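**Student:** Taking my numbering, the leading residue of the sequence shown gets 554, the next gets one more, and so forth.
Where is the CB? At the ideal position from N, CA and C, for every residue including glycine.
All values reported here derive from a predicted model rather than from experimental measurement.
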Amino acid sequence: MNLSQLSERVFVCGQVQANEMSELASQGFATVICNRPDGEDPGQPSANEIQASVEAAGMKFFFVPFNPMNPDPHMVPKFAEAIEQANDGKILAYCRSGNRSSRLWAAVSQ
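1. Touching or not, the stretch 562 to 576 and the stretch 645 to 654, by the rule of three or more beta carbon pairs under 8 angstroms?
2. If we ignore side chains and look at the alpha-carbon of each, how far apart do residue 590 and residue 623 end up?
3. Is DSSP giving residue 597 helix, strand or coil here?
4. Return yes when the Cβ of residue 586 is within less than 7 angstroms of the Cβ of residue 635, no when it is not.
5. For residue 554, count the other beta carbons within 10 Å of its own beta carbon; 16 or more makes it buried, fewer makes it exposed. Which is it?
6. Is residue 609 buried or exposed, if buried means 16 or more other CB atoms sit within 10 Å of its CB?
7. Classify residue 604: buried if its beta carbon has 16 or more other beta carbons within 10 angstroms, exposed otherwise.
8. Rounded to whole angstroms, what's the CA-CA distance from residue 572 to residue 658? Just pull it up for me.
9. Going along the chain, which residues of its own chain have a beta-carbon closer than 8 angstroms to the beta-carbon of residue 560, five neighbours each way excluded?
10. Anyone know if the C-beta pair for residue 640 and residue 619 falls short of 7 angstroms?
11. Short of 8 angstroms in beta carbon distance, which residues of its chain neighbour residue 647, apart from the five on each side in sequence? Order them along the chain.
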């Protein structure tokens, strides 16, 4: 997993796997935000699969899917709300490559 740090608490990366959640929790992550719509690629784990692993590892999960081909303007305030409601500790936002998550963070951190 290739993490990019965007702020003191916020990190982004590409697609995560369910079996990586315990490791993230042990590294101080407390919240995971999925910015990838389900079914984008064959074999991609669903948000529900990731959510189950996130919660089993004691972290909070938010599903804020952002489709760059058909952007929903409501996703920016939903992303901001997820950041505000995040547990203390590090926040990981992910999508296919990390770019969408980075753009959402840029939009809410201005």
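**Tutor:** Quick look at the numbers:
1. yes
2. Working through the sequence shown from its first residue, we reach residue 590 at position 37. Working through the sequence shown from its first residue, we reach residue 623 at position 70. Answer to the nearest angstrom: the Cα atoms are 11 angstroms apart.
3. As a working mapping, residue 597 is identified with position 44 in the sequence shown. In the structure shown, residue 597 sits in coil (DSSP, three-state: anything other than H, G, I, E or B).
4. The residue labelled residue 635 in the question sits at position 82 within the sequence shown. The residue labelled residue 586 in the question sits at position 33 within the sequence shown. In this structure, residue 586 lies closer than 7 angstroms to residue 635 by Cβ.
5. Counted from its first residue, the sequence shown places residue 554 at position 1. Its Cβ having fewer than 16 others within 10 Å, residue 554 is exposed.
6. Looking up residue 609 in the sequence shown gives position 56. Exposed, by the Cβ-count rule.
7. Position 51 of the sequence shown, counted from the first residue, corresponds to residue 604. By the 10 Å Cβ count, residue 604 comes out buried.
8. By 1-based counting over the sequence shown, the position of residue 572 is 19. By 1-based counting over the sequence shown, the position of residue 658 is 105. Going by the C-alpha atoms only, they are around 25 angstroms apart.
9. The residue you call residue 560 lines up with position 7 of the sequence shown. Hits under 8 angstroms: 658 and 662.
10. Here residue 640 refers to the residue found at position 87 of the sequence shown. Here residue 619 refers to the residue found at position 66 of the sequence shown. Not in contact: residue 640 and residue 619 (Cβ atoms no closer than 7 angstroms).
11. In the sequence shown, the residue the question calls residue 647 occupies position 94. Excluding positions up to five away in sequence, the list reads 565, 566, 567, 568, 569, 585, 586, 587, 588, 589 and 654.
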